[in-house]
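Chains as they are written, first to last, in my numbering: chain Y, 4 to 135; chain D, 2 to 622. Ideal placement from N, C-alpha and C gives every residue a C-beta, glycine not left out. These notes are about the structure you will find just below.
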Amino acid sequence: MQSKIIIIATIILFIAGIAVLFMIESLNHNYDYGKSWSVVYFSKPSDNSADFTIENHQGADENYKYSYQINGEAVSTGETEVPAGGKVTVAPPQEYEMKLQEARESVSAPNVIVDVILDSSEYKINKVIRNQ
Amino acid sequence: MIFDILKLIVVFPIILVLPGIFFMLAAFGRSNAKISFFERAVLTVPFSIIIIDLICFILNRFDIPIKGVILLGSIIIFCLIGFIAYQYRFKSRGEKNKEADLQPDNLFNFSNWQTIFILLSIFVAVFIRVAYLSDTIVPSATDLGHHMYWSQTIIDSGKLPVYGMPDFIIGEHIIFAAVNLLSGVGLMTAMPTLLLLFVNIAGIFTLVILAARLFKNKNITAVMFLVAGVLYAINAPQGKYVSGGVVGNIIGDMLIPVVLYFLYRALAEKDSFFGGLFLFSLIGILYTHHLSSFILLFSIAGIIFFYLAVNFRGIFNIILAWIKIFARPFPIAVLLIALIFFIFVFMPSYFNPSAVSQATGAPTKITRVGLNLNQIEMNAGSGRLILGALGMLLIAVLAWKPKKYWISFAAGWVIISLVMAYKPNLLLINIPSDRVGNYLFLPFSILSAYALVKYFELFRKSASKFFASVLLYALMFFIITNGLSDSADAFKSKNQFQEIMETYHSAEFLSKNVDTSKDIILKDHINIAGDSFYKLFFMKDYKYPLSRGNLSRYVDPTKPREICTRDIIDDPENDTGKACLSDTGVDYVVLNAQLEGMSFEKYPSFSKVYASNYISVFKKN
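This is how it looks when you write it as structure tokens:
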């Protein structure tokens with residue numbers, strides 16, 4: 004009888020362990036739960052598009068400030084509100100294409116920089132735009 | 002989430018218990034004097050794992066896709082065959098009444114106090130492991146990522162993979178795929194770790210039943226739960242190997258005691274049926290893990306030679322008796338079936354002359370020349386090492402009966418394990434010594450339990466109760482504090498869940514945006530948590546994406562290694578880096594944003610297309 008109790012108790016303990024660990028993993032296997040980070044990336048990294056996406060995993064709604072630069076020269080600035088756990092894709096401003104054309108006159112492959120700032124954190128991405 | 006937990010609670014027994022139950026039913030009937038309920042319950046898990054492997058081998062051999070419904074049907078068919086075999090062996094032959102009369106011996110009929118001690122030990126053993134795993138439960142371990150890639154290929158293709166390398170063994174991967182195919186719970190969840198935890202706990206029990214049969218002392222059996230389950234519960238190869246996904250070791254540590262259990266019973270009880278089960282379980286481990294098989298074969302050889310050496314005068318009679326045990330229909334049938342399996346159904350990937358020659362001979366690397374005493378102490382655990390030595394002494398002084406097999410199993414196993422770890426060149430073993438050292442805990446646990454109980458008994462009879470008590474409590478204090486020190490660290494650790502999720506996010510980003518038919522990705526393994534799971538986002542090839550491994554791996558005196566994955570990250574714009582970029586065709590580089598990612602920003606040949614707090618992705622311009 005005692006050996007049956009030992010086996011049954013082990014099974015019950017294991018099931019409890021499974022439930023606890025599975026729940027911890029499921030909760031934490033999430034970009035937002037208990038986390039505080041952001042990410043900025045070009046929406047299409049392999050072409051000439053300068054659209055970029057901000058994902059907010061800070062745990063609260065945040066206001067991100069961003070700027071476009073071409074070859075180090077500021078083109079435009081802006082800001083966007085991104086809800087907690089959400090993402091916003093930002094398209095370059097109207098003057099971007101014109102500035103890009105101007106840059107191409109001096110450099111064949113201009114370097115487009117997107118600088119996103121949240122409080123003290125800076126997320127800078129860049130892309131070299133070539134003629135296709 | 003709740004539904005997934007319920008699915009696992011249903012599927013784990015179907016995969017890990019049910020086939021074993023019917024195998025044991027066919028082997029021993031419903032009740033048998035040879036084996037107790039406790040042993041049958043414990044042995045269902047290792048036999049289930051072996052049987053699931055064999056079922057998948059057969060399905061694969063006949064090109065039947067390994068899918069959920071087919072696997073479930075195959076398990077049901079196996080259970081039916083087991084039931085028919087049981088009916089034929091135990092019912093049709095009129096053994097029903099005889100069977101009912103047989104009562105298994107009472108090795109596992111524990112007293113109330115023993116039961117309470119065992120239950121407490123199991124509770125603490127499970128609690129410590131769960132507490133430790135709670136900080137590492139999001140899949141990120143390197144080995145786990147590698148193994149899950151192969152399990153995912155089984156799931157995706159419905160076939161067993163062709164590895165093309167001797168590093169992986171099929172038995173390490175089938176079981177995870179099987180649980181996924183039946184439950185639908187993914188490999189990038191807690192499931193693989195929970196499965197390993199289950200096997201790890203089952204491993205405590207297999208060690209316990211071996212010790213119970215060797216010593217036939219219920220106090221030692223009860224103490225085994227403490228020694229094997231609670232002491233050093235986190236150190237490798239326990240909790241750390243569960244979270245680390247060291248699959249082969251965990252399954253091997255469960256199967257090695259099973260093989261030795263049947264060998265002991267075959268020899269000690271001169272029982273050819275146990276001899277056949279010894280061979281069957283040995284074949285199971287051969288299909289599961291090469292290193293465990295290698296260690297086991299040496300352990301068996303050590304035990305056998307030890308027994309023959311201490312019984313030298315009767316050597317011919319002993320060998321004759323062994324031949325009589327194994328030259329019987331059942332062991333021979335198992336061997337023949339195994340041979341057919343090896344030749345016609347599925348050959349383990351490491352069964353080739355080059356893999357064998359790599360593992361044998363004089364040590365070729367500094368990491369293979371043996372462990373020093375400090376390293377042995379770390380591997381076995383100080384407390385276990387001291388108790389093991391005490392156990393050896395007590396056996397030699399108080400219990401020396403060379404004709405008793407348990408002496409050879411307890412002492413011979415420890416001696417051969419120590420030689421393998423300390424002086425591997427004496428046995429011409431050429432494998433990493435620290436991996437060998439991970440198996441020391443098995444024989445040392447058995448000797449430790451013996452030593453603790455015998456030490457206690459010895460001093461209870463001693464003339465001076467005062468000194469006896471002081472010595473006993475001092476020893477117990479040391480054993481408990483030392484044995485639990487690693488577990489205390491488990492409660493101080495900090496999880497890396499955010500870093501792991503940022504790694505997953507970058508992999509998801511790349512998997513959506515790159516063309517895997519032409520784009521080559523290089524990621525860093527050294528400074529990125531959970532990077533080995535990158536390959537599961539692409540499922541293109543085991544070696545996709547490329548990876549910069551630990552720097553020591555690039556310096557190998559035995560063979561030249563590729564160095565471009567290191568040199569590109571080191572400096573992509575010097576001559577070596579440029580040549581490597583050209584040779585490898587790397588388009589994207591994934592780095593830790595705070596380390597190499599910072600320095601990579603200065604290279605004009607790369608653009609940073611992805612920036613998070615932890616990960617930077619660079620694209621070659």
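inquiry  = Under 9 Å, Cβ to Cβ, is there at least one residue of chain D near residue 13 of chain Y?
reply    = By the rule that beta-carbons nearer than 9 Å mark a contact, residue 13 of chain Y touches chain D.
query = Once you ignore the five residues that flank residue 276 of chain D on each side, which residues in its own chain have a CB closer than 6 Å to its CB?
reply = So the qualifying residues of the chain are 267, 326, 327, 332.
ask   = Relative to the C-alpha of residue 196 of chain D, which residue among D:207, D:212, D:178 is closest?
value = Nearest option by C-alpha distance: D:178.
query = DSSP on residue 58 of chain Y, reduced to helix/strand/coil?
reply = Strand.
message = Based on DSSP bridge pairs, tell me the residues matched to residue 81 of chain Y.
response = Paired residue(s): Y:69.
key: Residue from D:26, D:51, D:409, D:240 whose Cα sits closest to the Cα of residue 17 of chain D   = Selected option, being the one with the closest Cα: D:51.
ask   = Roughly how many angstroms separate the alpha carbons of residue 566 of chain D and residue 167 of chain D, rounded to a whole number?
value = Spanning the two alpha carbons is a distance of roughly 22 Å.
task = Using beta-carbon positions only, say whether residue 21 of chain D and residue 182 of chain D come within less than 9 Å of one another.
result = Result no, Cβ atoms of residue 21 of chain D and residue 182 of chain D do not sit closer than 9 Å.
query = Would a C-beta distance cut-off of 9 Å place residue 347 of chain D and residue 169 of chain D closer than the cut-off?
reply = Going by C-beta atoms, residue 347 of chain D is not nearer than 9 Å to residue 169 of chain D.
inquiry  = At 4 residues or longer, what runs of the alpha helix (DSSP H) sit wholly inside the region 325-366 of chain D?
reply    = List check, alpha helix (DSSP H) in window: 330-341, 354-360.
request  = Could I get the ranges of all uninterrupted beta strand (DSSP E) runs contained in the region 488-573 of chain D, with 3 residues as the minimum, in chain order?
outcome  = Qualifying beta strand (DSSP E) stretches, in chain order: 521-525, 547-549.
query = Using the C-alpha atoms, what's the distance from residue 50 of chain Y back to residue 201 of chain D?
reply = Between residue 201 of chain D and residue 50 of chain Y, the C-alpha separation is close to 50 Å.
query = For residue 5 of chain D, which residues in chain Y fall below 9 Å Cβ to Cβ?
reply = Listed along chain Y are 25, 29, each with a C-beta nearer than 9 Å to that of residue 5 of chain D.
request  = Measure the Cβ-Cβ separation of residue 82 of chain Y and residue 59 of chain Y and say whether it is below 9 Å.
outcome  = Contact annotation: residue 82 of chain Y and residue 59 of chain Y have beta-carbon atoms that are not nearer than 9 Å.
task = Over the uninterrupted beta strand (DSSP E) stretch that includes residue 401 of chain D, give me the two end residues.
result = Unbroken run through residue 401 of chain D: none, as it is neither H nor E.
ask   = Where do the ends of the beta strand (DSSP E) carrying residue 619 of chain D lie?
value = It spans 616-621 - the beta strand (DSSP E) in which residue 619 of chain D sits, taken as one unbroken run.
key: Residue environment, residue 401 of chain D, which counts as buried when at least 16 other CB atoms sit within 10 Å   = With fewer than 16 Cβ atoms within 10 Å of its Cβ, residue 401 of chain D is classed as exposed.
inquiry  = Is there a C-beta anywhere in chain C that falls below 9 Å from the one on residue 96 of chain Y?
reply    = Absent from the structure is chain C; the protein chains it does hold are Y and D.
ask   = Under the rule that 16 or more other beta-carbon atoms within 10 Å means buried, what is residue 600 of chain D, buried or exposed?
value = Under this definition residue 600 of chain D is an exposed residue.
key: Given 8 Å, three or more beta-carbon pairs between the region 310-322 of chain D and the region 427-443 of chain D   = The region 310-322 of chain D, when compared against the region 427-443 of chain D, does not touch it at the 8 Å Cβ threshold.
key: For residue 250 of chain D, the nearest candidate out of D:289, D:133, D:229, D:269 (CA to CA)   = Measuring from the Cα of residue 250 of chain D, the nearest candidate turns out to be D:289.
query = Does residue 51 of chain Y get closer than 9 Å to chain D when you measure Cβ to Cβ?
reply = Output row for residue 51 of chain Y: interface = no.
task = Per DSSP, which residues does residue 40 of chain Y bridge with? Please list them.
result = Under DSSP, residue 40 of chain Y takes part in a beta bridge, and its partners are Y:60.
key: Span of the beta strand (DSSP E), counted from its first residue to its last, around residue 115 of chain Y   = Taken as a continuous stretch (DSSP letters only), the beta strand (DSSP E) holding residue 115 of chain Y covers 114-121.
task = Scan the region 119-141 of chain D for residues whose Cβ lies nearer than 7 Å to a Cβ of chain Y and list them as they occur along the chain.
result = For the region 119-141 of chain D, which is checked against every Cβ of chain Y, the residues closer than 7 Å are 119, 120, 123, 124, 127, 131, 134, 135, 138, 139.
ask   = Hey, is residue 42 of chain Y's beta-carbon within less than 9 Å of any beta-carbon in chain D?
value = A Cβ of chain D is located within less than 9 Å of the beta carbon of residue 42 of chain Y.
key: C-beta neighbour in chain Y for residue 618 of chain D, strict 9 Å   = Yes, contact with chain Y.
ask   = In three-state terms, what does DSSP make of residue 129 of chain Y?
value = Strand at residue 129 of chain Y.
inquiry  = Taking 9 Å as the threshold (beta carbon to beta carbon), is residue 284 of chain D in contact with chain Y?
reply    = False, the Cβ-Cβ gap to chain Y never drops below 9 Å.
task = Pull up the distance between the alpha-carbon of residue 413 of chain D and that of residue 344 of chain D, whole angstroms please.
result = Straight-line spacing of the CA atoms in residue 413 of chain D and residue 344 of chain D works out to 33 Å.
inquiry  = Along the region 21-39 of chain D, where does the CB come closer than 9 Å to a CB of chain Y? Name the residues.
reply    = 37, 38, 39: these are the residues of the region 21-39 of chain D whose beta carbon lies less than 9 Å from some beta carbon of chain Y, given in chain order.
ask   = Are the beta-carbon atoms of residue 83 of chain D and residue 23 of chain D separated by less than 9 Å?
value = It is a contact, given that the beta carbons lie within the stated cut-off.
inquiry  = So, with DSSP's three-state summary, where would you put residue 186 of chain D?
reply    = Assigned with DSSP and collapsed to three states, residue 186 of chain D falls in coil, not helix or strand.
Selection from D:621, D:446, D:504 that minimises the alpha carbon distance to residue 604 of chain D = It is D:621 whose Cα lies nearest to the Cα of residue 604 of chain D.
request  = Kindly identify the DSSP beta-bridge partner or partners of residue 92 of chain Y.
outcome  = Under the DSSP definition of a beta bridge, residue 92 of chain Y partners with Y:56.
ask   = Any beta-carbon of chain D closer than 9 Å to the one on residue 113 of chain Y?
value = No, no contact with chain D.
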